[in-house]
Ligand SMILES: [Zn+2]
Ligand SMILES: [Zn+2]
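Numbering (this note's numbering), first residue to last: 10 to 355.
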């Protein structure tokens with residue numbers, strides 16, 4: 010079968026590999042859709058400390074069950090499934106408290122296990138052990154189901170930032186994650202959603218699809234000023250930074266309303282993780298700053314429900330569909346910001 014394998018930073022190859030065989034507690038799937046994201050581009054360029062090469066990449070996975078290990082119950086060939094990306098251990102102190110996104114023993118598809126840029130993939134028992142193999146609801150395509158994983162991460166972020174009814178929400182970063190944040194915030198009853206990006210083309214592409222109440226280009230306008238004007242001087246109830254930008258995080262502090270919440274959704278580059286925060290602004294304005302680290306199996310299930318019900322449509326966010334042979338082109342398209350979501354259909 011054909012796979013996309015990471016060998017070293019800058020050395021990612023489409024190559025032939027033997028079809029994997031499931032262990033007695035594993036499930037084997039025919040991958041039908043695996044979406045790409047910025048993380049794939051990062052791995053391509055810089056590798057990742059959790060990846061020991063060679064490793065098949067791809068972590069936004071949907072497919073059809075083709076073989077079930079002897080000890081597996083509840084699954085059969087033909088089942089349509091979505092696979093979690095981050096796999097919690099289910100046993101540590103965090104997992105037992107239900108904090109599965111911050112499991113200290115977390116492992117991941119495409120990092121510790123071969124991922125979905127392949128014709129076939131084994132879903133390891135670790136996924137099944139934590140109820141991380143999800144049935145795709147009727148009416149949801151494989152491509153849409155592959156977007157459940159990033160949507161699950163967005164859902165975790167908005168739960169932590171308590172996005173809800175009547176909120177004015179600013180989303181900084183108009184990539185696929187930013188688009189999902191806009192859509193989910195609307196589904197959760199946000200009053201107004203404003204989308205911010207430095208790149209005018211990317212902002213326009215996203216705004217055409219997700220129709221924010223205002224699209225603010227940071228290269229042309231003072232973002233803080235614009236948000237304060239749009240919110241009658243209050244600031245936004247929630248600011249979500251879906252960009253790897255310390256400057257955006259610092260700006261977030263300046264445009265958040267009293268008792269507002271700030272989600273540092275996107276991480277910062279490893280060598281530049283420090284930002285300055287006026288602690289008195291946090292103190293007197295009663296601000297909450299939260300992080301976000303992936304998603305739990307439950308978030309993935311909820312994301313599939315949100316897609317199935319139409320609350321968060323994702324089909325139109327998939328702007329490109331490519332065969333596995335063109336997966337390297339997909340990384341270029343993602344890196345250049347020409348697409349919202351690029352889905353590989355192996
Ligand atoms: Zn991803
Ligand atoms: Zn754990």
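Note that CB positions come from ideal geometry on N, CA and C, so glycine has one too.
Distance between residue 273 and residue 279 (C-alpha atoms, nearest Å): Your numbering for residue 279 matches position 270 in the chain shown. Your numbering for residue 273 matches position 264 in the chain shown. Those two C-alpha atoms are separated by around 15 Å.
C-alpha distance - residue 181 paired with residue 97, whole-angstrom precision: On the chain shown, position 172 is the one that residue 181 refers to. On the chain shown, position 88 is the one that residue 97 refers to. Cα to Cα, the separation comes out at about 29 Å.
Residue 35 to residue 123 span [Cα, whole Å]: Along the chain shown, one-based indexing puts residue 35 at 26. Along the chain shown, one-based indexing puts residue 123 at 114. If I take the Cα positions, the gap works out to 13 Å.
Cβ contact (3+ pairs, closer than 8 Å) linking the segment 102-122 and the segment 57-70: yes
Beta-carbon proximity list for residue 159, same chain, < 7 Å, skipping 5 on both sides: Mapped onto the chain shown, residue 159 falls at position 150. Once the five neighbours on either side are set aside, the close Cβ partners of residue 159 are 46, 69, 185, 186 and 189.
Inter-residue CB distance, residue 364 and residue 75 (contact presumed, cutoff 8 Å): Nothing about residue 364 can be read from this structure; the chain reaches only from 10 to 355.
Straight-line gap, residue 22 to residue 329 (C-alpha atoms, nearest Å): Along the chain shown, read from residue 1 onward, the residue named residue 22 stands at position 13. Along the chain shown, read from residue 1 onward, the residue named residue 329 stands at position 320. Cα to Cα, the separation comes out at about 20 Å.
Any non-hydrogen atom of ligand 2 closer than 7 Å to residue 302 Cβ: Mapped onto the chain shown, residue 302 falls at position 293. No, since every heavy atom of ligand 2 falls outside the 7 Å radius drawn around the Cβ of residue 302.
Bridge-paired residues (DSSP) for residue 250: Residue mapping note: residue 250 aligns to position 241 of the chain shown, counting from 1. In DSSP, residue 250 forms a bridge with 181.
Nearest-residue set for ligand 4, Cβ under 5 Å from any heavy atom: Questions concerning ligand 4 fall outside what the structure shown contains, since the ligands it does hold are ligand 1 and ligand 2.
In DSSP terms, what residue 77 is bridged to: Numbered from 1 along the chain shown, position 68 holds the residue referred to as residue 77. Answer is 36.
Within 8 Å, strictly: CB atoms of residue 322 and residue 192: Mapped onto the chain shown, residue 322 falls at position 313. Mapped onto the chain shown, residue 192 falls at position 183. The answer is yes: Cβ separation under 8 Å.
Residue 14 and residue 304 closer than 8 Å at C-beta: For the purposes of this step, residue 14 is taken as residue 5 along the chain shown, with counting starting at 1. For the purposes of this step, residue 304 is taken as residue 295 along the chain shown, with counting starting at 1. No, the Cβ-Cβ distance between residue 14 and residue 304 is not below 8 Å.
Exposure of residue 281, with buried meaning 16 or more beta-carbon neighbours within 10 Å: In the chain shown, counting from the first residue as 1, residue 281 sits at position 272. Residue 281 comes out exposed.
Backbone CA spacing between residue 307 and residue 162 [nearest angstrom]: Locating residue 307 in the chain shown gives position 298, counting from the first residue. Locating residue 162 in the chain shown gives position 153, counting from the first residue. If you take the alpha carbons of residue 307 and residue 162, they lie about 11 Å apart.
Any non-hydrogen atom of ligand 2 closer than 7 Å to residue 106 Cβ: To locate residue 106, count along the chain shown from 1; it is residue 97. No - ligand 2 has no heavy atom lying nearer than 7 Å to the Cβ of residue 106.
Own chain residues within Cβ distance below 7 Å of residue 350, not counting five before or after: On the chain shown, residue 350 is found 341 positions in, with the first residue counted as 1. Excluding positions up to five away in sequence, the list reads 44, 156, 185, 326, 327 and 328.
C-beta atoms of residue 264 and residue 245 nearer than 8 Å: Numbered from 1 along the chain shown, position 255 holds the residue referred to as residue 264. Numbered from 1 along the chain shown, position 236 holds the residue referred to as residue 245. Yes. Within cutoff.
Where residue 303 sits in the DSSP three-state scheme: Translated into the one-based positions of the chain shown, residue 303 becomes position 294. If DSSP states are grouped into helix, strand and coil, residue 303 belongs with coil.
Straight-line Cα distance separating residue 253 from residue 300: On the chain shown, residue 300 is found 291 positions in, with the first residue counted as 1. On the chain shown, residue 253 is found 244 positions in, with the first residue counted as 1. Residue 300 and residue 253: Cα-Cα distance of roughly 13 Å.
Sub-8 Å separation of residue 88 and residue 33 beta-carbons: Here residue 88 corresponds to residue number 79 of the chain shown, with the count starting at 1. Here residue 33 corresponds to residue number 24 of the chain shown, with the count starting at 1. Cβ distance not < 8 Å, so residue 88 and residue 33 don't count as in contact.
Residue(s) in a DSSP beta bridge with residue 127: For this step, residue 127 is matched to residue 118 along the chain shown. Paired residue(s): 12.
Integer-rounded CB distance, given that residue 352 should sit under 8 Å from residue 42: Position 33 of the chain shown holds residue 42. Position 343 of the chain shown holds residue 352. Confirmed, about 5 Å.
Collapsed DSSP secondary structure at residue 188 in the structure displayed: As a working mapping, residue 188 is identified with position 179 in the chain shown. Helix.
Collapsed DSSP secondary structure at residue 333 in the structure displayed: As a position in the chain shown, residue 333 is number 324, starting the count at 1. Of the three classes helix, strand and coil, the one that applies to residue 333 here is helix, per DSSP.
Near ligand 2: residue 141 beta-carbon under 7 Å from a heavy atom: Along the chain shown, one-based indexing puts residue 141 at 132. No.
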